[in-house]
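Novice: Here the sequence shown is numbered in this note's numbering, starting from 17 and rising by one per residue.
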Amino acid sequence: MRFVDVCYAFRSLRRSPVFTIAIVLTIALGSAKPLQHYVDESLARRRFTLAILGMFGGLGAFLTAAGIYGVLSWSVNARRREFGVRMAVGATRSNVTTMILRETTIVAIPGILFGVILHLVFSQLMKGLIYHVSPADPASILGAGALLCLVVLLSAWVPAKRASAVDPGESLRIE
Numbered sequence: 017m018r019f020v021d022v023c024y025a026f027r028s029l030r031r032s033p034v035f036t037i038a039i040v041l042t043i044a045l046g047s048a049k050p051l052q053h054y055v056d057e058s059l060a061r062r063r064f065t066l067a068i069l070g071m072f073g074g075l076g077a078f079l080t081a082a083g084i085y086g087v088l089s090w091s092v093n094a095r096r097r098e099f100g101v102r103m104a105v106g107a108t109r110s111n112v113t114t115m116i117l118r119e120t121t122i123v124a125i126p127g128i129l130f131g132v133i134l135h136l137v138f139s140q141l142m143k144g145l146i147y148h149v150s151p152a153d154p155a156s157i158l159g160a161g162a163l164l165c166l167v168v169l170l171s172a173w174v175p176a177k178r179a180s181a182v183d184p185g186e187s188l189r190i191e
């Protein structure tokens, strides 16, 4: 409610009390908004910050998956002969796939544990942005770790399948 509107209402009070009440109600109700509007307005900056952080987190997960995929594709291509020899000696496709996924997981788990340690060290910086969740919430940490394990395994799946499709005869001919 603006000061000019209030002054006009008080001046008109001398003329007609009914008219003044109508003006005051119009001014008061004209600026009335639902409570949800005020809640949304007070949380807008925080929601925006968390949305930006979420987008950067998603971008980080995508870049992680792309990096792991690229490194594993290069590694599988470099070890193509090894996989062919393994399969010629008796390894099955599932053995080769499992071997690559196991090697990838063994490399990824220390990185995830290091990330959890860094999270616990720097979590106090995020404390003011989240509600009803402790920065050291075990469910959130386990969920993030499981999500990263899933990203690692999914990005390793295609190179592992490509390695298991190596023709043993072709790789032995090259040797």
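Ideal placement from N, C-alpha and C gives every residue a C-beta, glycine not left out. Computed from a predicted model, the values in this text were never measured in an experiment.
Using a Cβ-Cβ cut-off of 8 Å (strictly less than) and excluding sequence neighbours within five positions of S110, which residues of its own chain qualify?
Specialist: Only S180 meet the Cβ criterion.
Novice: State the CB to CB distance for the pair V174 and Y85, rounded to an integer number of angstroms; the pair is presumed to be in contact (CB under 8 Å).
Specialist: The pair is a contact, with the Cβ atoms about 7 Å apart (cut-off 8 Å).
Novice: Going by alpha carbons, who is nearest to W90 out of M103, A172, L134 and G185?
Specialist: It is A172 whose Cα lies nearest to the Cα of W90.
Novice: Less than 8 Å between the C-beta atoms of I116 and V92, yes or no?
Specialist: Contact: yes.
Novice: If you run the structure through DSSP and keep just helix, strand and coil, what is A67?
Specialist: Helix, per DSSP.
Novice: How is M17 classed by DSSP in three states: helix, strand or coil?
Specialist: Residue confidence is low: M17 scores 49 on pLDDT, short of 50, so the model does not pin down where it sits. Its coordinate-derived value is still stated next. Note: M17 maps to coil in three-state DSSP.
Novice: What would DSSP say about D153, mapped onto helix, strand or coil?
Specialist: The answer is coil: DSSP assigns D153 none of H, G, I, E or B.
Novice: Would you mind reading off the limits of the alpha helix (DSSP H) that contains M103?
Specialist: M103 -> alpha helix (DSSP H) spans R96 to V105.
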